[in-house]
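Going by our numbering, the first residue of the sequence shown is number 36, and it counts up by one from there. Think of the CB as a built atom: it goes at the ideal place given N, C-alpha and C, for glycine as much as any other residue. Reading through the structure tokens given below for one structure.
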Amino acid sequence: MSSKLKKLHWQCISHCGACCRLTPSERSEALEVLNEDQQRAYMDLVGPDGWCRHYDTGSQKCKIYNSRPDFCKVSSLVNLFKISEQDVDKFAISCCRQQIRSTYGSRSPVMRRFNQKTRHGSKIDG
Ligand code: SF4
Ligand code: SF4
Numbered sequence: 036m037s038s039k040l041k042k043l044h045w046q047c048i049s050h051c052g053a054c055c056r057l058t059p060s061e062r063s064e065a066l067e068v069l070n071e072d073q074q075r076a077y078m079d080l081v082g083p084d085g086w087c088r089h090y091d092t093g094s095q096k097c098k099i100y101n102s103r104p105d106f107c108k109v110s111s112l113v114n115l116f117k118i119s120e121q122d123v124d125k126f127a128i129s130c131c132r133q134q135i136r137s138t139y140g141s142r143s144p145v146m147r148r149f150n151q152k153t154r155h156g157s158k159i160d161g
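Below is the structure:
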């Protein structure tokens with residue numbers, strides 16, 4: 036049987052920000068792989084509503100993007116979770132879907148946009 040399945044490529048989408056909703060009770064898996072200093076830095080970011088203090092809900096962008104902590108970068112998460120190169124897209128897509136599902140819902144327009152983008156996207160560069 037010849038496989039016609041197309042490989043999915045991870046890509047961040049604009050106007051999402053789901054991974055900036057840091058609610059610690061929902062992010063235990065991510066918190067566990069951080070060292071103590073990183074955990075402290077993470078907790079310092081959490082605002083009263085669970086969103087990161089540096090997330091601009093109006094523009095839906097990070098206000099400190101160029102100086103954001105390493106653990107906000109997909110490439111760092113890949114290292115922290117020790118993901119092999121061939122599994123990077125799969126891992127990143129799964130993380131994003133989990134975040135988008137808990138923030139906006141599995142049938143949300145954001146999830147639809149993300150799924151479309153990963154089907155037609157380009158290689159990881161985050
Ligand atoms: S959850 Fe994924 S798609 Fe959404 S902002 Fe974060 S990295 Fe981008
Ligand atoms: S520092 Fe920026 S990228 Fe990191 S969680 Fe906060 S808003 Fe998101």
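Can you find the residues in the same chain that come closer than 6 Å, C-beta to C-beta, to residue 139, ignoring five residues on each side of it along the sequence? 145
Same chain, Cβ closer than 7 Å to residue 70, five either side skipped, listed in chain order: none
Does at least one heavy atom of ligand 1 sit under 7 Å from the Cβ of residue 149? yes
Cα-Cα, which of 109, 143, 134 and 50 is closest to residue 123? 109
Residue ranges of each alpha helix (DSSP H) run of no fewer than 4 residues wholly in the region 43–124, ordered along the chain? 63–67, 71–80 and 109–115
Same chain, Cβ closer than 6 Å to residue 115, neighbours up to 5 away in sequence not counted: 68
Can you list, in chain order, the residues of its chain with a C-beta nearer than 7 Å to that of residue 161? Leave out the 5 residues immediately preceding and following it. Because the pLDDT at residue 161 is just 41, under 50, the model does not fix this residue reliably, and the value given afterwards should be weighed accordingly. Same-chain partners within the cutoff: 47, 108, 109 and 110.
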